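Working notes, beginning with the structure itself.
Chains as they are written, first to last, in this note's numbering: chain D, 5 to 456; chain A, 549 to 714.
Have a look at this one:
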């Protein structure tokens, strides 16, 4: 069983309260950082730990911190991105709901490192009950001297506030989030300038995901070297995975990134296999934006190696035969699921969530949704499949923010790997309304040509 | 006349104080939530104008925000709004049949409100409860692992609460 750094105490009775959290060793990292380290030393530890952003992009956190501009007399801000909205992803919710002080503790240490005296948690509006939980945790931390003026006599002041969003996936994009935090529509900004130079109210700002900030706690407590020993290659530490779809045990799992995908799906410690002895057809391993893979390519890379649950292995083979770790939203489809229909729901999602700023995304997402609905309803033509391919290709890379790519990739991957299922829908317009294409050949062993 | 009571005005002041001097516009989203709760579950134009006055911004700055975010209702809704998620992971777990069941049971379509003004059915995109699908948002909370029986119980619960609160 892998080591847990974030969720090891989540089942302790009353861990949501300050007293129990503190008794279990909580807020030690704040004491260590503020009493015995300077801000740059904290940033160095995070750099050395190899921690990568857990929101989806996987950018090295310490490096992101080191980009923060520090002009004299200008405030700097830390903003926690708790706008979790990527379909398949519900890990941050779990962390905030059940062990809220871990996020607050991580934010205090991170605010100290970055010199932010005023930090915000931007939370999606629908997580309304979690706001109460976080505000309670903040009040308790403040009451015990971990927030407010001159924390632990260090001379460092810090306040944290929760800012409630109002239903917009796009606000998970960091510049849209900042616009929203300024009381505007969530339209992403053109970069550069990057938030590290010009962010919230034009001041230097770092935006980090919930899980990323929580991971700062074990990094400071145990030291970067210890943290980096867990995992493999550039996938250090632990990762929260939220697993859903056709599995026996949906939920949030903290994994060390050395386990095989097959073990994650079938072991009782994690997903517990697929219900009713059904066979695995496909999986989206890192949230709805990342490429869907058929069972055979999911479990084994094109080179024939067992695929592991980490950044490098999940993306092994590029988009041709691989996928991505993304946000860790792991969606499993069994042999009874229809890839066309599933892709249609995702296309509808992206059309709904496009902010409308860039025409390729605003128009293209709507076209893809309509075409996919037609194909799903047996009203498609073979040329529609090529048209879909063409549209997604023209969205990708042609928008201000990555929502365009996020909308294009699921459609591209579905056609790349499941084209015959799309064709079957077109050629069997009556049949596709009553039954589905089933498992077909998607779990067959792959024989790749050997390259001399 | 649209006006928050003193207690709510205190909350408004507290929210505005979370942001630096002169950045009161940042309080817009939280205050629109407050206004929607307080003034009948939706944002009528006079309500939005009032929020603009409170924050010393132009009314258009409020309209453009209220019309962007899906949680703000720009027309009246029922006392209880069933917001059922229909994105991929919920679809796999049967959200379509839950939506159809609610339609039949309440005799309304998606986006419609029952004649007695009690229930509105809305379909929404991913609410971050994929592991507990199918699900809906009801007020401040999520109702998860929905079944037809659970939907029946939720409808009864809402009706009972409405009677109790009257």
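Yeah, the Cβ is synthetic: ideal placement off N, Cα and C, and Gly gets one too.
This structure is a prediction, so every number in the text was calculated from the model and none was measured.
- Listed along chain A is no residue with a C-beta nearer than 9 Å to that of residue 80/D; the closest approach is about 13 Å.
- Taking 9 Å as the CB threshold, residue 64/D stays off the interface with chain A.
- Considering only beta carbons, the part of the stretch 591-624 of chain A lying closer than 7 Å to chain D consists of 612, 613, 616, 617, 618, 619, 620, in chain order.
- Neighbourhood of residue 188/D in chain A, by CB distance below 7 Å: 613, in chain order.
- A distance of 9 Å or more separates the beta carbons of residue 262/D and residue 223/D.
- Between residue 20/D and residue 102/D the beta-carbon gap is near 7 Å, inside 8 Å, which marks them as a contact.
- Any Cβ of chain D closer than 9 Å to the Cβ of residue 586/A would place that residue at the interface, and such an atom is absent.
- Under the DSSP assignment, residue 631/A falls in the beta strand (DSSP E) whose first and last residues are 628-633.
- For the stretch 576-633 of chain A, the continuous alpha helix (DSSP H) assignments of 4+ residues that do not extend past its boundaries occur at 576-586, 593-603, 607-614, in sequence order.
- A distance of 9 Å or more separates the beta carbons of residue 615/A and residue 172/D.
- Counting every other CB atom within 10 Å of its CB across the protein chains shown gives residue 215/D a total of 16 or more, marking it as buried.
- For the pair residue 274/D and residue 243/D, the CB atoms are not nearer than the 9 Å cut-off.
- Within the stretch 653-686 of chain A, the residues whose Cβ lies closer than 9 Å to any Cβ of chain D are, in chain order, 672, 673, 674, 675, 676, 677, 678, 679, 680, 681, 685.
- Assignment of residue 673/A by DSSP, reduced to helix, strand and coil, places it in the coil class.
- For the pair residue 348/D and residue 602/A, the Cα-to-Cα distance works out to about 43 Å.
- For residue 275/D, no beta strand (DSSP E) run applies, since DSSP gives it neither H nor E.
- The C-beta of residue 93/D comes closer than 9 Å to at least one C-beta of chain A.
- Classified as buried, residue 69/D has 16 or more neighbouring CB atoms from the shown chains inside 10 Å of its CB.
- In the three-state reduction of the DSSP assignment, residue 446/D falls in the coil class, being assigned neither a helical nor a strand state.
- Sequence-ordered contacts of the stretch 233-267 of chain D with chain A read 246, 247, 248, 249, 250, 254, 255, 256 [C-beta pairs closer than 8 Å].
- With 16 or more other Cβ atoms inside 10 Å of its own Cβ, residue 684/A counts as buried.
- Close to residue 574/A, with beta-carbon spacing below 7 Å, are these residues of chain D in chain order: 185, 186, 187.
- Close to chain A, meaning a Cβ-Cβ distance shorter than 9 Å, are the following residues of the stretch 279-303 of chain D: 288, 292.
- Residue contact check for residue 691/A against chain D: no CB pair falls below 9 Å.
- For residue 249/D, there is no enclosing alpha helix (DSSP H); the residue is found in the beta strand (DSSP E) stretching over 242-249.
- Here residue 67/D is exposed, its C-beta having fewer than 16 other C-beta atoms within 10 Å.
- At a C-beta separation below 7 Å, residue 165/D has these neighbours in chain A: 566.
- Apart from the 5 residues on each side of it in sequence, residue 400/D sits with its Cβ closer than 6 Å to the Cβ of 409, 412 in its chain, given in chain order.
- The residue from 356/D, 304/D, 330/D, 14/D with its alpha-carbon nearest to that of residue 29/D is 14/D.
- Less than 9 Å divides the Cβ of residue 178/D from the Cβ of residue 199/D.
- Under DSSP, residue 56/D takes part in a beta bridge, and its partners are 64/D.
- Under DSSP, residue 297/D takes part in a beta bridge, and its partners are 287/D.
- By the neighbour-count criterion, in which 16 or more other beta carbons inside 10 Å mark a residue as buried, residue 438/D falls on the exposed side.
- Among the residues of the stretch 117-131 of chain D, those with a Cβ less than 9 Å away from any Cβ of chain A are 122, 124, 128, 129, 130, 131, in the order of the chain.
- Residue 206/D has its alpha-carbon roughly 13 Å from the corresponding atom of residue 181/D.
- When DSSP states are grouped into helix, strand and coil, residue 702/A belongs to the helix group.
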